[in-house]
Structure formats: C-alpha cells, structure tokens
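Count along the first sequence from 1, add 19, and you get the number used in my numbering. Beta carbons: idealized from backbone N, C-alpha and C, even for Gly. Owing to the predicted nature of the structure, the values given are computational and were not obtained by experimental measurement.
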Amino acid sequence: MDYKEIDRKWQKAWQDAKIFESDVSGKEPYFVTVAFPYVNAPLHIGHVRTYGTADVLARYKRMKGYSVLFPMGFHATGTPILAFAKRLRNNDKELVSELKLFHIPDQEITKMTDPVYIANYFVNEIEFGMHKAGLSIDWRRKFVSTDPFFSKFIEWQFGILNSKGYIIRGKHPVGWCPNENQAVGMHDTKHDTEPDIEKETSIKFKVDGEDAYLICTTYRPETVFGVTNLFVNQDSVYIKCKINGNGIYYISKSASAELKYQINIEQVGEEFRGSEILSKRCLNPLTGAQLPVFNGFFVKEDMGTGVVMSVPAHAPFDYAAIDKLKKEGKALDINPILVLEIPKKPKPGSEGVVISQEDLDVPALRYIEMFKSGAAEDVALESATKLQYKEESHYGKMIVDGYKGMSEPEARDKITKELVSGGKAIELYILANAPVVCRCGYNVVVKVVDDQWFLNYGNPEWKNLAKEAFTGLTVLPEKSRKALSAAIDWIDLRAVARAQGLGTRFPLDKEKIIESLSDSTIYMSFYTVSNVLKEIETKRLTPDLFDYIFLHKGDLGSVSSSTGIDFQVIKRCRESFDYWYRATSRHSGADLIFNHLTMYIFNHAAIFPKENWPKQIVVNGNVLSEGEKMSKSIGNIVPLVDGVEKYGTDVIRALVIASADLFSDSEFSEVAAKGVDERFRYLYDIASKIGEMESGELRHIDYWMYSKLNRKIKTATAQIEKLELRGLSTSVLYDSVLELRKYLSRGEPNGLVVRDYISSIVLMMSPITPHVSEEIWHAIGNDTFASTEKWPSVDESMISDKIEGEEDLLEGIIADSKQVVALMRKGGKEPKSIRLIVADDWKRQLNNGLSKDRNVGAVMDRLNSDEGLTALGIDQSSKDKAIKYVQQLAKRINAIRSVSSTQDDEYKLLNEAKAYLSDSIKYPVTVELESKSASQRAANAAPLRPSIDISS
RNA sequence: GCAGGGGUGGCAGAGUCUGGCCAAAUGCGACGGGCUUAGGACCCGUUUCCUUUGUGGAUGCAAGAGUUCAAAUCUCUUCCCCUGCACCA
Numbered sequence: 020m021d022y023k024e025i026d027r028k029w030q031k032a033w034q035d036a037k038i039f040e041s042d043v044s045g046k047e048p049y050f051v052t053v054a055f056p057y058v059n060a061p062l063h064i065g066h067v068r069t070y071g072t073a074d075v076l077a078r079y080k081r082m083k084g085y086s087v088l089f090p091m092g093f094h095a096t097g098t099p100i101l102a103f104a105k106r107l108r109n110n111d112k113e114l115v116s117e118l119k120l121f122h123i124p125d126q127e128i129t130k131m132t133d134p135v136y137i138a139n140y141f142v143n144e145i146e147f148g149m150h151k152a153g154l155s156i157d158w159r160r161k162f163v164s165t166d167p168f169f170s171k172f173i174e175w176q177f178g179i180l181n182s183k184g185y186i187i188r189g190k191h192p193v194g195w196c197p198n199e200n201q202a203v204g205m206h207d208t209k210h211d212t213e214p215d216i217e218k219e220t221s222i223k224f225k226v227d228g229e230d231a232y233l234i235c236t237t238y239r240p241e242t243v244f245g246v247t248n249l250f251v252n253q254d255s256v257y258i259k260c261k262i263n264g265n266g267i268y269y270i271s272k273s274a275s276a277e278l279k280y281q282i283n284i285e286q287v288g289e290e291f292r293g294s295e296i297l298s299k300r301c302l303n304p305l306t307g308a309q310l311p312v313f314n315g316f317f318v319k320e321d322m323g324t325g326v327v328m329s330v331p332a333h334a335p336f337d338y339a340a341i342d343k344l345k346k347e348g349k350a351l352d353i354n355p356i357l358v359l360e361i362p363k364k365p366k367p368g369s370e371g372v373v374i375s376q377e378d379l380d381v382p383a384l385r386y387i388e389m390f391k392s393g394a395a396e397d398v399a400l401e402s403a404t405k406l407q408y409k410e411e412s413h414y415g416k417m418i419v420d421g422y423k424g425m426s427e428p429e430a431r432d433k434i435t436k437e438l439v440s441g442g443k444a445i446e447l448y449i450l451a452n453a454p455v456v457c458r459c460g461y462n463v464v465v466k467v468v469d470d471q472w473f474l475n476y477g478n479p480e481w482k483n484l485a486k487e488a489f490t491g492l493t494v495l496p497e498k499s500r501k502a503l504s505a506a507i508d509w510i511d512l513r514a515v516a517r518a519q520g521l522g523t524r525f526p527l528d529k530e531k532i533i534e535s536l537s538d539s540t541i542y543m544s545f546y547t548v549s550n551v552l553k554e555i556e557t558k559r560l561t562p563d564l565f566d567y568i569f570l571h572k573g574d575l576g577s578v579s580s581s582t583g584i585d586f587q588v589i590k591r592c593r594e595s596f597d598y599w600y601r602a603t604s605r606h607s608g609a610d611l612i613f614n615h616l617t618m619y620i621f622n623h624a625a626i627f628p629k630e631n632w633p634k635q636i637v638v639n640g641n642v643l644s645e646g647e648k649m650s651k652s653i654g655n656i657v658p659l660v661d662g663v664e665k666y667g668t669d670v671i672r673a674l675v676i677a678s679a680d681l682f683s684d685s686e687f688s689e690v691a692a693k694g695v696d697e698r699f700r701y702l703y704d705i706a707s708k709i710g711e712m713e714s715g716e717l718r719h720i721d722y723w724m725y726s727k728l729n730r731k732i733k734t735a736t737a738q739i740e741k742l743e744l745r746g747l748s749t750s751v752l753y754d755s756v757l758e759l760r761k762y763l764s765r766g767e768p769n770g771l772v773v774r775d776y777i778s779s780i781v782l783m784m785s786p787i788t789p790h791v792s793e794e795i796w797h798a799i800g801n802d803t804f805a806s807t808e809k810w811p812s813v814d815e816s817m818i819s820d821k822i823e824g825e826e827d828l829l830e831g832i833i834a835d836s837k838q839v840v841a842l843m844r845k846g847g848k849e850p851k852s853i854r855l856i857v858a859d860d861w862k863r864q865l866n867n868g869l870s871k872d873r874n875v876g877a878v879m880d881r882l883n884s885d886e887g888l889t890a891l892g893i894d895q896s897s898k899d900k901a902i903k904y905v906q907q908l909a910k911r912i913n914a915i916r917s918v919s920s921t922q923d924d925e926y927k928l929l930n931e932a933k934a935y936l937s938d939s940i941k942y943p944v945t946v947e948l949e950s951k952s953a954s955q956r957a958a959n960a961a962p963l964r965p966s967i968d969i970s971s
C-alpha cells in the first residue's frame with residue numbers, strides 16, 4: 020500500500036468535491052470546534068490527538084446524516100511570538116535548532132524577527148499540516164485572532180462583560196524582570212521556568228531599647244512561640260529602612276533591592292555589616308521574650324529579608340547553627356522551645372509508636388539524625404527540614420497555651436491572622452523557586468502591580484450562571500466532569516490586561532492588551548459568521564451588529580441602516596449563528612480544563628442566551644512518543660509532515676487518536692505503527708479478493724460472521740458516540756482481523772458475507788482512518804465516498820448468542836483435545852482417534868435448575884423421590900449417575916450456566932463440524948450421544964462440554 | 001498542601017460503573033516447534049505454581065480489613081505513582 024499516494028489522492032478528491040464545506044440547510048446541524056493552534060511552531064504528531072479526535076466526531080456525525088461544520092482558526096495573540104521574534108533577533112541557538120527540527124529553511128528563519136511574519140508563516144504551515152492530517156475542515160471560515168475584524172468582536176464581548184460588572188481592578192503579584200521592566204511568564208525565562216510566587220508572613224521583632232524592628236520571613240509563623248533567637252549573616256550588608264512610610268526595619272541590602280518591587284522601601288542612613296546587629300536584643304512579639312541575635316551560617320542575604328527567626332526545636336538548620344555556636348562557646352544558654360509535637364509516629368503497619376519524652380526534647384535533632392550519615396551537611400539538613408515540615412504539618416499538634424491540640428495548618432492560619440491584624444507582621448510574596456532567570460540574564464523578582472484589571476470569576480452571580488451552564492453540559496470522558504466542576508468552583512480573579520503582547524486593546528485602558536486566553540473564550544461562535552464578516556469593512560462591525568446577530572437584540576432595519584450593511588447579509592449571519600450554535604461540541608487537551616474550558620463556560624454563560632450555551636465538552640490526553648513525553652529537549656518530537664511521509668496519515672491517526680482511551684495518553688511507536696500497517700494490508704488484501712469468492716448458501720460459520728458483525732456495529736456505535744475510540748479501534752481494526760482469519764480458516768469463504776463484513780468494517784473505521792477506508796471502499800467496487808456514506812446500522816436479528824456460543828464450544832473442544840493429545844504423547848502413548856460424547860438432556864435439566872436457585876439440597880431431594888425423577892425426565896436406572904453428576908456440579912455451583920441447546924442440537928453441531936475438528940486436532944473425530952456411548956468416559960460429559968475420549 | 005486521575009501477568013493495556021461464563025481480552029516481548037539455504041514474514045504451541053489419560057487444583061489483580069454463597073470488580077483504612085495549581089499559551 021502506497022500511503023503517500025492514497026493520502027494525496029483522497030485528500031484531493033474530498034477537496035474537489037467540497038464535501039466538508041457546510042452551510043445552513045434543512046438537515047440537523049452539528050458544530051465541532053477545537054482549541055485553535057498557537058502559531059509559533061508547525062504541527063507535530065501530538066497535535067493530531069486533539070484535532071483528530073474532533074475530526075473523528077465530525078466525520079462520524081456526517082455519516083449519521085448531520086450537517087457538520089468543523090472550522091479552524093489560528094491563535095496569535097499574547098506574548099509568545101513577540102518573545103520568539105526577540106529570541107531570533109538575539110540569535111538564540113536553542114530556538115534555531117528547534118526550528119531546524121521542523122525543517123524550516125534558513126532563509127525563512129532569518130525573516131522570523133518580525134512577529135507578523137512568524138504568524139503568517141505558521142498559519143500557512145499549520146494549515147498545510149492539517150490538510151495532510153486529513154482533517155475534514157471547512158477552510159472558508161478561517162481567521163487569525165489578531166485580525167482586526169475579530170478584534171471588533173472581542174471589544175463587543177468585553178463591553179458586555181464590563182456592563183455586567185464582571186471586570187474589576189486591584190493589586191496583583193507578578194514575576195518581574197527589573198532589567199527589562201516588564202512582567203515575565205514562563206516563556207520569558209531561561210529553561211522556561213514559571214516564576215512560582217508564594218505568600219509568606221514576615222514577623223516583626225522589636226529591637227530592645229530602639230525604635231526599630233528586625234523582620235523575618237517565614238513559612239511557619241506558628242513556630243514564633245519557639246523562637247529562641249534571630250539569625251543574620253554577619254558578612255552580608257544590611258540597611259535600616261522605612262517600609263511603606265512607617266517604622267524602621269533592619270533588612271539585608273539585597274533583600275531590599277528585591278522587596279522594593281512589592282513594598283515601599285526607603286533607606287535610612289548608611290549601610291553596614293550584619294556583624295553590627297549581633298549585639299542587639301529583640302522581643303518576641305507574642306511572648307515578649309528577649310532574644311539575642313547570632314550569626315547564622317546558612318542565612319542567605321537575598322532570601323526573604325536576610326533576617327531569620329530561629330526555632331531550633333522545629334527547624335534543623337536552626338538547630339545546627341545553634342549547635343555550631345555552642346561548640347564555639349557561644350549561645351550556651353539557648354535551649355530549644357517546643358511548639359508542637361507529634362503524638363504518635365505515623366508508621367503504617369506498626370501501630371504507631373509513641374515518641375519517648377527524651378525524643379520529644381528536640382524534634383529537629385531527631386530528623387537531623389535520620390539524614391546525617393553520608394550526605395553533605397546542607398543536603399542532610401535540607402532533607403531533614405523537608406521531612407520535619409511535612410510530618411509536623413501532617414500530624415503535629417500544638418502544645419502552646421491557647422492553641423493546644425490544634426493541627427499545625429489550623430494554628431498557622433489563626434496565628435497569621437492575629438499577627439497581621441495586630442500589626443505584628445506583614446505579608447510579603449517570595450519567589451519560591453528562586454533564582455528564576457529572565458532570558459536577558461537578570462534574576463526575576465516579585466512585583467506587586469496595583470492597577471491590574473481582573474475578570475472576576477469569583478463573582479457569585481456569574482459563578483452561578485456558569486454552574487447552571489455546566490449542569491446541562493455533556494462532558495466526555497465522563498470522569499473528567501469532576502475536574503471541570505472543581506475548576507469552576509476554584510477559579511477566581513483572572514488578570515485580563517497585559518502591558519505587552521499582540522491582540523485587542525483593553526477597552527477600559529487602551530494602553531493595555533487583552534490577555535490572550537481571555538480573548539479566546541467565545542471565538543467559536545465567530546466561525547458561524549466569519550466567512551461573511553471578513554468581506555465587510557471593519558468599521559461597520561459595531562456592537563449593535565453583534566447584539567443583533569448573537570443576542571437577538573435590536574431591529575434589523577435600524578442595524579442595517581446604522582452599519583450600512585445590507586439587511587440580507589445581517590439576516591444571513593443571524594440565521595447561521597442560530598443554526599450552528601444549537602448543537603456544539605468543544606474539544607481540547609486535558610491541560611486546558613483549568614483555564615480555557617472553564618473560561619469558555621463562564622463567558623458563554625455571561626454573554627449568550629441559554630439556548631446557545633455549550634452542549635458538549637470533550638477533553639483528551641496527550642501523545643507519548645516511544646514511551647516518553649514528546650519534548651523539545653529530549654528531541655523526540657515527530658513533526659507531522661515527517662510522520663505522515665514515513666508511516667502514512669492513517670497509521671498515525673489510528674495510533675495517536677485511537678490507541679488509548681480519551682483520558683489517557685496515547686502512544687506512538689515504530690512497533691505499533693507496524694502493527695497497524697499490517698492490519699490495513701490484511702483488510703485491503705481480503706477486500707481485493709472478494710471478486711473471486713463464490714456466494715453459496717449460508718453455513719453456520721457464515722451466520723456466526725453476521726452475528727459478530729452486527730454485535731460489532733452495535734458496540735462500535737455506542738463507543739463512538741462516547742468517543743471511546745480505543746475500544747472502537749480494537750474491535751473494528753484489530754478484532755475484525757482475528758474474526759476474518761477464523762472465518763477464512765473454516766473453508767471456502769462466502770463472497771457476499773465477506774463483502775458485507777468488510778464494507779461495514781471499512782465504514783466504521785472511516786472516521787479514524789479515512790484515507791485507507793476510502794481506498795478499500797473503492798477496492799470493493801464502490802464509487803461513492805466512504806466519508807459520506809451512511810454509518811452502518813445494526814440488524815439485531817442477526818445477533819445470536821447461540822451461534823456464537825456454539826462456535827466457542829468448537830474452539831474449546833479443539834483446545835482441550837489438543838491438550839489431552841499432548842499429555843498422552845508426553846506419557847508415551849500415540850493417540851489414534853477421538854470420540855466426542857454429548858451429554859444427555861437430563862443433565863441440561865439439572866444445570867438449568869441449579870443455575871436458577873443454586874439449591875443443591877432441593878435438587879437432591881427430588882432425585883431421591885420417584886416423582887422428582889420423572890419430573891426431571893430421568894430414568895430410574897440413571898438415578899445413581901444423576902446423583903453423582905449433581906455432586907460434581909455442586910463443587911462449582913457458582914459457575915453453572917443455563918443451557919438452551921438440546922443434546923440433539925449439540926450432536927448436530929459437532930457432527931457438522933467434524934471435518935473441521937478432525938482437521939484442527941489432526942486426528943479423526945467421531946461424535947456420539949452419552950446414552951448410546953460405550954465409552955467409560957461417557958459419564959463425564961456435561962452440557963456444552965462433551966466428554967473427550969481419545970483412544971490410543 | 002489543595003484538586004483531579006491512577007496502581008491488573010515480562011511490558012503495554014482491557015476488565016471495575018452493572019460482583020459469578022476471569023488464571024484475566026488484545027498487542028508486544030520471550031521460549032519451543034513448523035516453514036526456509038539463511039534472515040524476515042507467516043503458521044502452531046508455551047509463557048504464576050502444582051498436577052495430569054484427561055478438560056483438574058492452589059495461589060492471584062498495590063497492602064490490609066470488611067460485605068457476600070461468590071470480589072480484580074462493592075465498602076473502609078493505608079501506601080505508592082501521575083497531572084494541574086493561574087495571569088501562562
């Protein structure tokens with residue numbers, strides 16, 4: 020099979036026939052949209068997962084008779100392509116090599132210092148890739164999120180959000196580059212590190228006899244009761260400063276350089292060494308205890324404030340520092356103060372060991388001991404700290420008066436509030452994963468911006484609307500529903516305006532740009548009219564127009580005259596929106612649940628009337644390449660065009676889209692590709708031979724084939740409705756090959772049967788593997804498109820448990836006989852012939868009776884009475900045999916099934932299959948009834964489990 | 001920490017909702033055999049342990065406990081793994 024040729028041929032044929040272009044019609048509509056691609060790289064095979072899954076649904080619904088619209092657009096707003104252009108201007112080698120991975124020519128790369136050029140280049144590149152992937156897209160409707168006519172739509176959207184009061188203003192911490200003077204996100208930093216900002220409490224310790232404070236940043240303010248002293252670094256530079264205009268504080272100079280982005284810091288006087296602070300005494304803000312200041316070997320001047328509170332009982336580093344000082348003869352009167360204890364050591368399985376009083380004296384020491392062997396000191400202390408923090412936070416209980424018995428998190432919360440509200444502490448943000456380095460080389464700091472605009476997803480009115488919209492929504496797979504629901508509860512403020520980036524200007528502050536996830540929450544509705552609006556002058560696209568089209572507001576005549584747009588055109592837009600937005604399915608990767616999809620629901624709930632709220636959301640997993648996550652750094656990304664070239668589009672599609680259930684990661688690998696390829700060839704091969712096959716009367720195996728086929732259609736239809744594509748492909752692509760093999764091994768195939776079977780199989784494969792399906796469909800002799808054929812329908816009357824069960828019986832007999840034959844040979848005996856003995860009908864009676872109530876005693880009672888025997892149809896002479904049989908049955912009472920076939924049915928079946936059985940087992944087979952058998956093994960016969968007597 | 005998902009045979013991965021036909025589909029791998037000059041492809045068999053002129057038995061689906069005539073499947077507890085946690089597409 021020449022996949023390249025097949026792909027090219029059918030893609031062209033579909034395009035020429037325009038079978039994917041859809042407009043308003045009399046048919047039921049179905050509208051499929053996918054999260055549009057961001058235009059900073061060509062597609063790789065991983066992208067096929069989401070786009071392909073949506074394509075499968077679109078293709079399936081088309082076959083079900085719907086008018087299906089599957090449009091596509093492009094995302095170019097935001098900062099990534101700006102950063103991209105800048106990196107290329109700076110000759111970023113890493114980026115260049117990534118681009119080479121995708122075979123982007125050098126002369127193109129040199130032009131990519133212009134964001135607009137980049138966007139255009141990748142728009143074309145991606146569209147090309149989507150054609151190659153065989154996506155059934157209506158390309159007439161494409162647009163880019165930076166298109167001016169789209170901006171008009173976004174402005175309209177934000178006008179409505181603002182009028183409803185969903186946009187508010189406030190403070191917000193961001194990662195910030197002091198050099199470039201701008202907010203930095205993940206793709207602005209080296210190694211793409213997301214700045215991890217955390218809120219921490221900074222506690223003030225008044226300096227005794229001085230109107231000034233030392234201030235310490237801590238994760239664990241509840242341990243303030245256990246502070247024995249403070250630490251500074253004696254070699255670092257410190258300053259005195261005013262914070263936010265009041266109070267004098269000692270902090271390290273480098274800390275002040277970072278903190279000035281979130282609080283107002285005003286240096287007072289000269290700078291000095293940390294050693295000068297050592298003589299001071301401070302007061303614990305809660306206990307009033309007097310605390311000395313020592314040199315802490317581990318204190319880093321740029322972490323927090325450069326001043327650390329010392330809790331030797333609960334912090335291994337503090338304990339170690341005090342220990343060190345003691346060895347030098349200092350800090351001799353410092354004794355650890357316990358704040359909390361772990362009542363029982365939580366050790367699974369070991370009941371829980373009560374820690375002895377001695378251990379309790381200094382918990383930190385215990386953790387240090389656990390790690391001290393081997394490791395370097397700071398590594399050991401780090402590990403000890405981690406474990407102690409974790410265990411104490413998990414199991415610790417406060418022992419301080421007023422907080423006794425509280426869990427640590429509970430106490431932390433309470434104490435933090437008390438400290439802050441009492442003016443004894445302030446809250447500061449820190450960069451938890453510092454140092455984060457900006458691409459320009461400077462360290463990222465936390466800046467608190469105070470004029471940030473937010474979308475207030477926490478607004479109760481809005482949240483309720485969103486929840487209502489969520490209620491009526493189908494989520495696939497069903498189990499991701501909970502995650503989405505949790506996301507709706509959780510989402511709160513979302514910053515909506517940025518200082519830089521491409522996109523639409525923020526209406527409330529034209530200096531800012533609308534953040535790029537926020538400008539793509541309702542764009543799917545825009546596809547319904549984009550092909551029309553793109554022909555109209557941008558200035559005519561007024562809010563009135565959009566109100567009319569999307570919200571049924573206003574009057575056609577006045578909208579037409581105010582915008583100067585022909586009323587027919589406007590009317591057509593509104594009809595198009597009304598038509599397509601009745602039945603929608605929204606697709607994305609699972610990673611968008613917590614942002615895009617949640618915002619999609621909120622914004623639809625805010626803007627549109629209920630009938631246009633989302634109907635279905637589908638989320639899918641990722642794609643692994645040879646068992647690993649695809650990543651630029653590993654270099655295992657398979658560019659789509661390469662994959663298609665090498666393996667063929669449908670091999671890729673079958674694996675990427677359908678080798679895992681929706682929620683899990685699918686896997687692309689060489690071996691798996693080979694497997695799919697083999698199956699395609701097998702099916703094609705059989706299909707091309709149908710012409711040579713005769714079509715006689717239907718045999719048992721033919722009926723079996725029809726039964727299997729119709730059962731398959733039934734389950735496959737249920738599966739594709741829920742997009743359980745792994746199940747679908749297993750049954751349609753893999754099991755069908757097994758069934759065909761079995762069928763073909765049973766004598767001359769019936770051409771009609773094979774044709775019916777393959778036709779249905781090919782049509783059911785078609786949404787996943789459209790090109791190969793099309794090819795086989797035509798090889799069978801059809802001249803229509805498989806892509807537009809009707810999805811196969813089930814003929815329930817052809818599904819037969821009996822026939823399938825009987826075939827299973829034959830398989831079982833073959834397997835069992837072979838086993839026995841092997842055993843005999845092993846024992847040195849050469850088998851000659853095989854007798855199959857069919858169980859008497861009375862045994863069937865007993866089985867059926869016991870399968871119902873499983874009451875052995877009752878059956879025995881009947882066997883022991885004459886009437887009972889007669890009722891069961893058992894001869895007096897067979898009584899002993901019957902009792903023995905029931906005793907045997909009783910052993911596996913749970914496995915007893917009722918049987919519908921009689922001894923005559925079974926006898927007939929086996930007799931007919933005699934030739935096949937003999938052939939498979941390789942010994943002559945005869946069949947006889949139990950009652951007429953002279954075999955000693957006759958009594959072993961059970962219904963649907965004939966006794967196998969092999970003579971040697 | 002919070003939220004969501006998961007743990008099945010050498011591996012991948014069904015089965016779990018709806019308990020019994022489950023020593024557990026299917027694919028890959030491994031081993032033995034056939035075919036072949038050879039390799040590949042293909043075909044047959046084996047792939048937890050025991051037992052075997054017979055279609056049997058034991059153990060078993062992260063660990064432990066429970067419910068039930070019956071548990072991979074239901075309940076509880078514990079352990080472990082993955083993903084996300086915001087202004088970033």
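Within 8 Å, strictly: CB atoms of residue i and residue j
i    : j    : result
K629 : A602 : no
L742 : V660 : no
P811 : I709 : no
T945 : R854 : yes
P134 : I173 : no
A679 : S685 : yes
N655 : G608 : no
L928 : E825 : yes
E534 : A514 : yes
Status (buried if at least 16 other CB within 10 Å, exposed otherwise) for residue i
i    : result
A395 : exposed
W632 : buried
W509 : exposed
G892 : exposed
Q922 : buried
N452 : exposed
P365 : Summary for P365: the model assigns pLDDT 40, below 50, so the residue's position carries little reliability; its value from the coordinates is reported in the next sentence. Classification for P365: exposed.
T540 : buried
G184 : exposed
Bounding residues of the beta strand (DSSP E) (the contiguous stretch that carries residue i)
i    : result
N639 : Q635 to N639
R672 : Taken as a continuous stretch (DSSP letters only), R672 belongs to no beta strand (DSSP E), being part of the alpha helix (DSSP H) at T668 to A677.
Range covered by the alpha helix (DSSP H) that runs through residue i
i    : result
Q126 : D125 to K130
M543 : Y542 to L552
Cross-strand partners of residue i (DSSP beta bridge)
i    : result
W632 : Paired residues: none, contrary to the question.
Return the chain-ordered ranges of every alpha helix (DSSP H) run that is complete within the stretch 707-769 and spans a minimum of 4 residues.
With a minimum length of 4 residues, the continuous alpha helix (DSSP H) runs that stay inside the stretch 707-769 are 719-740, 744-748 and 755-763.
Ignoring anything shorter than 3 residues or poking outside the stretch 577-609, list the beta strand (DSSP E) runs there in chain order.
Counting only unbroken stretches of 3 or more residues, the beta strand (DSSP E) elements lying wholly within the stretch 577-609 are 603-608, in sequence order.
Which complete alpha helix (DSSP H) runs does the stretch 48-108 hold, if anything under 4 residues is left out?
66-82 and 99-108, all fully within the stretch 48-108.
Those runs of the beta strand (DSSP E) which lie wholly inside the stretch 234-301 and span at least 3 residues
DSSP runs (the beta strand (DSSP E)) wholly in the stretch 234-301: 248-251, 256-262, 265-271 and 284-292.
Jot down the residue ranges of each uninterrupted beta strand (DSSP E) in the stretch 776-829, minimum 3 residues, whole runs only, in chain order.
Considered as a whole, the stretch 776-829 harbours no complete run of any beta strand (DSSP E) with no fewer than 3 residues.
Completely contained beta strand (DSSP E) runs for the stretch 178-222, where each covers 3 or more residues:
You should have 186-196.
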